[in-house]
Amino acid sequence: MNSLNSQDKANEWMLLQNQFDSYEKYSLIIKLANVAILSGAYLTQHISVFVIALLLVMWLQDAIWKTFQSRIETRLLQLEAGLQNESDAKAYQFNSEYLKTRPGTVGLVMEYLRQAARPTIAFPHVVLVLMSVIQLI
Numbered sequence: 090m091n092s093l094n095s096q097d098k099a100n101e102w103m104l105l106q107n108q109f110d111s112y113e114k115y116s117l118i119i120k121l122a123n124v125a126i127l128s129g130a131y132l133t134q135h136i137s138v139f140v141i142a143l144l145l146v147m148w149l150q151d152a153i154w155k156t157f158q159s160r161i162e163t164r165l166l167q168l169e170a171g172l173q174n175e176s177d178a179k180a181y182q183f184n185s186e187y188l189k190t191r192p193g194t195v196g197l198v199m200e201y202l203r204q205a206a207r208p209t210i211a212f213p214h215v216v217l218v219l220m221s222v223i224q225l226i
């Protein structure tokens, strides 16, 4: 393996790792926005089915965001293995590698729902939805 390919893989890894970390920050912003939505609705005494639907949409948006992050993670792990084993895997193949395993529409929806059910994503969304349902009742 030539050192140029190794350097290219290291460069791709650094770029993707930075992107991976930024996805984490934006997921936190989505969660905080959901807290703000419920807080605003509670303080103005406007908790409704619409607010609950909005909370659910934000939860799904967080899951979609984290799904994108998990795709980056898959490529990061491929790059790390390639750098460790000095394989002939090519750098800058993020989209090509993803297309090899891209699910269809139903598969994508299922992927989003699986992400939504992960504890690190579901919290605080589950709590917020339950709080709003209790207030509505």
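Each residue of the sequence shown is one higher than the one before, starting from 90 at the first, in this note's numbering. Just so it is clear, CB atoms sit at the ideal spot from N, CA and C, and this is done for glycine as well.
In this structure, K98 lies near G171, with their beta-carbon atoms less than 8 Å apart. For the set N100, F109 and V216, the Cα lying nearest the Cα of W154 is the one of F109. Your pair R164 and L105 checks out as a contact, with CB atoms roughly 6 Å apart and the cut at 8 Å.
The alpha-carbon separation between E175 and W102 amounts to approximately 14 Å. Per DSSP, reduced to three states, the secondary structure at T190 is helical.
A direct Cα-to-Cα measurement between T133 and K179 gives close to 55 Å. Residue environment for H214: buried (at least 16 other C-beta atoms within 10 angstroms of its C-beta). L166 and V195 have their C-alpha atoms some 26 Å from each other. Only residues of its own chain outside the window of five on either side were considered, and among them W102 have a CB closer than 8 Å to the CB of E169, listed in chain order. Collapsing the DSSP output to three states places I226 in coil. L197 places its beta carbon 8 Å or farther from that of L144. About 14 Å separates the Cβ atoms of A122 and I210, ruling out a contact at the 8 Å cut-off.
A straight-line Cα-Cα distance of about 47 Å links I141 and Q173. Taking the Cβ atoms as the reference, Y112 lies roughly 14 Å from F183, outside the contact range of under 8 Å.
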